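Here's the structure, in structure tokens; my notes come after.
Residue numbers (the working numbering): -16 to 185.
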């Protein structure tokens, strides 16, 4: 139990560090899009706005938690959360889909998009790949080859409304929005191979 708790704490700290590093160098967002004006929840824009249902993991596991705790985070713990189903209920075409967090009183943390890994009848969130790697020049960023965190831009066009969009085109696969990193509840979606018809503008 101690190893699992240590792993979760390292996962949360690593993801939070990644978010801070991304935000520290992000320019002012020009993200604009029409959004559901009279609906509350989390929505993704494809040919229309589709609600994203929240999903909690049905199983979690951790490995190397003790080693990571003694290395001050230099050896990341591998914390894996599994979610039922090999695909999300909501799907959009490839592109840079806009996600609206609409009419929520407050957010538990900075929104992030993560890549999920399909397994047999499930999808996995690999906490060991939600870490920040140093790059040449002294800065830090989420290395696309090593991290499952997707760099995003965000804006707040109205009180209690947040828009989130990946900074680059998402490849076909399984993804999820996380509202902060205090828990492992996610809002999953699938990116299909067809071009998106979102009509979202900057």
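Ideal Cβ positions, reconstructed from N, Cα and C, are used throughout, including at glycine.
No experiment lies behind these values; they were computed from the predicted model shown.
The beta carbon of residue 63 lies closer than 6 Å to those of 44, 107, 109 in the same chain, with the five residues before and after it left out. In this model, residue 132 and residue 153 are separated by some 12 Å (Cα to Cα). Distances from the alpha-carbon of residue 105 to those of 136, 69, 143, 84 put 69 closest. Rounded to the nearest angstrom, the Cβ distance from residue 77 to residue 155 is 6 Å, consistent with a contact under 8 Å. For residue 162, the enclosing beta strand (DSSP E) starts and ends at 156 to 162.
Across the structure, residue 145 and residue 102 are spaced so that their CA atoms are roughly 31 Å apart. Around residue 139, the same chain offers 145 as residues with beta carbons nearer than 6 Å, after the five sequence neighbours per side are excluded. If you draw a 10 Å sphere on the C-beta of residue 160, you find 16 or more other C-beta atoms in it, and that means buried.
The distance from the Cβ of residue 94 to that of residue 137 is about 6 Å, consistent with a contact at the 8 Å cut-off. For residue 23, the closest alpha carbon among the candidates 82, 158, 134, 163 is that of 82. Residue pairing for residue 150: DSSP places it in no beta bridge. Judged by their CB atoms, residue 27 and residue 80 are nearer to each other than the 9 Å cut-off. In this structure, residue 36 keeps its C-beta atom at 9 Å or more from the C-beta atom of residue 173. The criterion of a C-beta distance shorter than 9 Å is satisfied by residue 169 and residue 97. The distance from the Cβ of residue 158 to that of residue 85 is about 19 Å, inconsistent with a contact at the 8 Å cut-off.
According to the DSSP secondary-structure assignment, residue 20 is paired through a beta bridge with no residue.
DSSP links residue 106 through a beta bridge to 66, 101. Residues of the same chain with a CB within less than 6 Å of the CB of residue 32, apart from the 5 flanking positions on each side, are 19, 26 in chain order.
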